[in-house]
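Novice: In the working numbering, the protein residues as written are 2 to 145.
Below is one structure. I have some questions about it.
This is the structure in structure tokens:
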């Protein structure tokens with residue numbers, strides 16, 4: 002198994018994108034709780050059912066794509082990620098409504114990006130260690 006730079010970079014970008022999505026969802030939750038998401042009439046509220054369905058599909062896709070590095074031991078992984086997508090996508094869209102607090106949103110998004118990229122790097126190192134062990138015979142008894 003060879004790791005091509007394009008594939009590694011695409012996976013890293015995907016991990017960072019997941020972090021942006023999760024950070025935006027948390028910032029959107031804060032803007033909804035503080036009431037700033039409803040400041041200008043809140044037309045996005047009428048689109049929440051469609052966003053929830055799209056979020057469920059996105060959650061299923063994320064559960065499949067990130068199965069080796071983002072919460073790999075989660076039981077009922079697909080159900081958990083689908084439920085999270087139902088809630089997270091409308092929240093992520095809600096951050097742009099009204100008057101979002103830019104420093105708070107940027108800080109939350111940056112923290113989520115750092116977390117998901119760190120988890121991805123750990124999963125990538127674990128995956129490459131297993132491949133190296135298979136390719137070069139690490140862990141096998143000498144003389145065989």
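Think of the CB as a built atom: it goes at the ideal place given N, C-alpha and C, for glycine as much as any other residue.
CB of residue 113 to nearest heavy atom of the ligand FAD: below 7 Å?
Specialist: Of ligands this structure carries none, so the ligand FAD is not represented either.
Novice: Name the residue from 64, 55, 37 and 50 whose alpha carbon lies nearest to the alpha carbon of residue 101.
Specialist: Your numbering for residue 101 matches position 100 in the chain shown. For the residues 64, 55, 37 and 50, the minimum Cα distance to residue 101 belongs to 37.
Novice: What are the boundary residues of the alpha helix (DSSP H) that includes residue 12?
Specialist: Along the chain shown, one-based indexing puts residue 12 at 11. Counting along the chain, the alpha helix (DSSP H) containing residue 12 begins and ends at 6-35.
Novice: For residue 77 and residue 55, what's the separation of their Cα atoms in angstroms?
Specialist: Here the question's residue 77 lines up with position 76 in the chain shown. Here the question's residue 55 lines up with position 54 in the chain shown. Near 20 Å, if we compare the C-alpha coordinates of residue 55 and residue 77.
Novice: In terms of residue numbering, what span does the alpha helix (DSSP H) encompassing residue 112 cover?
Specialist: For the purposes of this step, residue 112 is identified with residue 111 of the chain shown, where counting begins at 1. First-last of the alpha helix (DSSP H) with residue 112: 103-137.
Novice: Are the CB atoms of residue 70 and residue 120 within a distance shorter than 8 Å?
Specialist: The residue labelled residue 120 in the question sits at position 119 within the chain shown. The residue labelled residue 70 in the question sits at position 69 within the chain shown. Yes.
Novice: Could you please give the first and the last residue of the uninterrupted alpha helix (DSSP H) stretch that includes residue 73?
Specialist: Position 72 of the chain shown, counted from the first residue, corresponds to residue 73. Per DSSP, residue 73 belongs to no alpha helix (DSSP H) and is neither H nor E.
Novice: Determine whether the beta carbon atoms of residue 29 and residue 92 lie at a separation below 8 Å.
Specialist: Numbered from its first residue, the chain shown carries residue 29 at position 28. Numbered from its first residue, the chain shown carries residue 92 at position 91. In this structure, residue 92 lies closer than 8 Å to residue 29 by Cβ.
Novice: Look at the Cβ atom of residue 60, then the Cβ atom of residue 27, and state whether they are nearer than 8 Å.
Specialist: Locating residue 60 in the chain shown gives position 59, counting from the first residue. Locating residue 27 in the chain shown gives position 26, counting from the first residue. Their beta carbons are not under 8 Å apart, which means residue 60 does not touch residue 27 by this criterion.
Novice: Kindly indicate which three-state DSSP category residue 93 falls into: helix, strand or coil?
Specialist: Numbered from 1 along the chain shown, position 92 holds the residue referred to as residue 93. Helix at residue 93.
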